[in-house]
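The structure under discussion appears below in the form of structure tokens.
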Amino acid sequence: MFAVMAAPVNDPEHGFCRDCLTPQRSRAMRCERCGSPRIVRHAELYSLHLAHIDCDAFYAAVEKRDNPALRDKPVIVGGGKRGVVSTACYIARIHGVRSAMPMFKALEACPEAIVVKPDMEKYVRVGREVRAMMLALTPLVEPISIDEAFLDLAGTEKLHGLPPALVLARFAQAVEKEIGITVSAGLSYCKFLAKIASDFRKPRGYAVIGEEEAVSFLAEQPVTMIWGVGKAFAEVLARDGIRMIGQLQKMERSDLMGRYGVMGDRLYRLSRGEDDRRVHPDHDAKSVSAETTFDTDIAKMDDLLPVLRALSEKVSARLKKAGIAGRTVVLKLKSQDFKLRTRNRQLADPTRLADRIFSTGLDLLRREADGTRYRLLGIGVSDLSDDEKADPPDLVDLQSRKRALAEGAIDTLRDKFGRKAVETGYTFGKGRNAHPPEHLDD
Ligand SMILES: [Mg+2]
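The working numbering applies: residue 262 is where the sequence shown begins, and numbers increase by one.
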């Protein structure tokens, strides 16, 4: 099952023991020095530097740490208002308990489970401790939730006196010893595969996916392994007869984009192990926005609208280029008398689509179009994150899905023929205002 771990290209030089960190010179099953069976071997072991770290059954692990009486018992963290499982420990999982399962079902599956109410404050505290330890390895830490993050360990070998692969193993040991919970680590050349790798051998896992094997490895995996392919979208693909990533590898980019819009492009690239998203540290840009000052002040909605559209497209293009998304849309207006108005709205999911930025901005703008003459209009997004969870295909709202598909098509055309090749109905023919002067801020 874990072909990656048994890659035929294994080089005996390229291996170490996860317990004593001793390099391994033979192909023995156990460590030459301490006898541990936890050996990692991979031909690309010492050239990979992109890591994903994920704590194992985080909430449950913290509860077990704080109450040793729970240690060998099935523990479920959850309940409360929503009455669902937040986290199940691995013992409870053996009985079939899963996250997001209604509590009554979980207790049917595992009647002897001990249910603990979540203590979010405590988990946030412990999550921060883990993060602080990550930041001691590299400043390039990108948290994606309370208990997981991407780390780019490129160029840290001198600092640590160890290659990234070993730094990662030493980190996992240190978390166990100092914080009292376990983590799983994935090491690869890109984010997509590092995240898949960390999920492989949970708990206390460590898996490596190299460039050499990426395509053949992915071919054997279900499409749901691709980020953005949730249950609903997987059903759409299944209706088209596509279940495995290997099938996507045989399809043309144009075909995939024609069928699935922006997602088609994602499917094309990720199925081939192409993912050039960088690790964006937490303290990076806090927002991406674009604004313009008018030559003459504008009060009318009809005149503001095309400007808002053009600015939204500009913001979207920058988000797409950086591989990031924002969850809060911020509208900025400056009136004739230099009074600043900012209005913002949080979305259900982060977005990088011009259409969503525009329509949210438009909603906010309508309330401000009260006859005031404006000299400046700006739109942007904050609450930035990786675009991994951005704009999930929304099958409930068919209209928004259609717009997303159209936007994917527009992006492709613009890639090919340049920005001005395609103007949308909002900006078409609006001349000067359609492409406002460069006036960007970060
Ligand atoms: Mg986790």
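From the three backbone atoms N, C-alpha and C, an ideal C-beta is built for every residue, glycine too. Computed from a predicted structure; not experimentally measured.
Evaluate contact between the segment 298-318 and the segment 442-450, counting only Cβ atoms and requiring at least three cross-stretch pairs below 8 Å.
Per the Cβ contact rule, the segment 298-318 is in contact with the segment 442-450 (3 or more Cβ pairs under 8 Å).
Is D460 close to ligand 1? I mean its beta-carbon at under 7 Å from any heavy atom of the ligand.
D460 has its Cβ no nearer than 7 Å to any heavy atom of ligand 1.
Alpha carbon to alpha carbon, how far is D516 from L656? Give it in angstroms, no decimals.
Any answer about L656 is weak, because its pLDDT of 44 lies below 50 and its placement is not dependable; what the coordinates show is given next. C-alpha separation (whole angstroms): 20 Å.
Is it a yes or a no for the segment 391-399 touching the segment 352-372, going by three-plus beta-carbon pairs under 8 Å?
no
Lining residues of ligand 1 - beta-carbon closer than 6 Å to any non-hydrogen atom, in sequence order
Listed along the chain, these residues meet the criterion: D315, C316, F319, D408 and E409.
Run of the alpha helix (DSSP H) containing K452, from where it starts to where it stops:
Its alpha helix (DSSP H) spans residues K452 to F461.
Let me check understanding here. Comparing Cα to Cα, which of D558, G669 and D647 lies closest to R636?
D558
In the segment 596-675, which residue ranges form an unbroken alpha helix (DSSP H) of at least 4 residues, counting only runs that do not cross its ends?
Qualifying alpha helix (DSSP H) stretches, in chain order: 615-629.
Cβ pair count under 8 Å reaching 3, the segment 471-479 against the segment 492-504
no
Based on the DSSP secondary-structure assignment, which residues constitute the bridge partners of A302?
Before going further, note that residue 302 is Arg rather than Ala in the sequence given. Answer by DSSP bridge pairing, in chain order: G276.
Which word fits L420, buried or exposed, when buried means at least 16 other C-beta atoms lie within 10 angstroms of its C-beta?
Exposed.
In this structure, does DSSP put M395 in helix, strand or coil?
helix
Rounded C-alpha distance that separates L623 from K593:
12 Å
Mapping the DSSP letters down to three states, classify K593 as helix, strand or coil.
strand
Spatial neighbours of V345 in its chain, beta-carbon cut-off 7 Å, leaving aside the 5 residues before and after:
A distance below 7 Å between beta-carbons, with the five flanking residues on each side excluded, links V345 to the following residues of its chain, in chain order: G339, A361, M362, P363 and M364.
Hey, would you say F619 sits closer than 8 Å to L569, going by beta carbons?
yes
Going straight from the alpha carbon of R302 to that of L454, what length do you get?
17 Å
In this structure, how does DSSP classify Y307 when only helix, strand and coil are distinguished?
coil
Establish whether the CB of A551 and some CB of chain C are separated by less than 8 Å.
No chain C is present in this structure, which holds just one protein chain.
Beta-carbon gap between T633 and Q607 smaller than 8 Å:
no
With a threshold of 16 other CB atoms inside 10 Å of the CB of T399, please say whether the residue is buried or exposed.
buried
Please tell me whether S347 and P379 are closer than 8 Å, where the distance is taken between their beta carbons.
yes
Report yes if the C-beta distance between L638 and E574 is below 8 Å; otherwise report no.
no
Within the continuous beta strand (DSSP E) that includes S532, where are the two ends?
Judged by DSSP secondary structure, S532 falls outside any beta strand (DSSP E) and instead within the alpha helix (DSSP H) spanning V523 to S532.
If you reduce the DSSP assignment to three classes, tell me which class L401 lands in.
coil
Decide if G357 is buried, meaning its Cβ has at least 16 other Cβ atoms within 10 Å, or exposed.
exposed
Considering only residues of the same chain and omitting the five flanking positions on each side of N605, which have a CB-CB separation below 6 Å?
T589 and V591
So the candidates are D537, I640, D526 and R579; which of them puts its Cα closest to the Cα of P567?
I640
Per the contact definition of three or more C-beta pairs closer than 8 Å, is the segment 278-285 in contact with the segment 412-431?
yes
Using CA coordinates, which residue listed in A609, Q597, E418 and S643 is at the minimum distance from I585?
I585 has its Cα closest to that of S643, out of A609, Q597, E418 and S643.
Which residues mark the beginning and the end of the alpha helix (DSSP H) in which D563 is found?
M562 to A583
What first and last residue would you give for the beta strand (DSSP E) that runs through V338?
V336 to G340
Helix, strand or coil: how does DSSP classify T485 here?
helix
Does the separation of the CB atoms of I487 and I470 fall below 8 Å?
no
Let's see if you can read the secondary structure: which residues bound the alpha helix (DSSP H) around A731?
Any question about residue 731 goes unanswered here, given that the chain covers just 262 to 703.
Exposed or buried, what is R291 when buried is set at 16 or more other beta-carbons lying within 10 Å of its beta-carbon?
exposed
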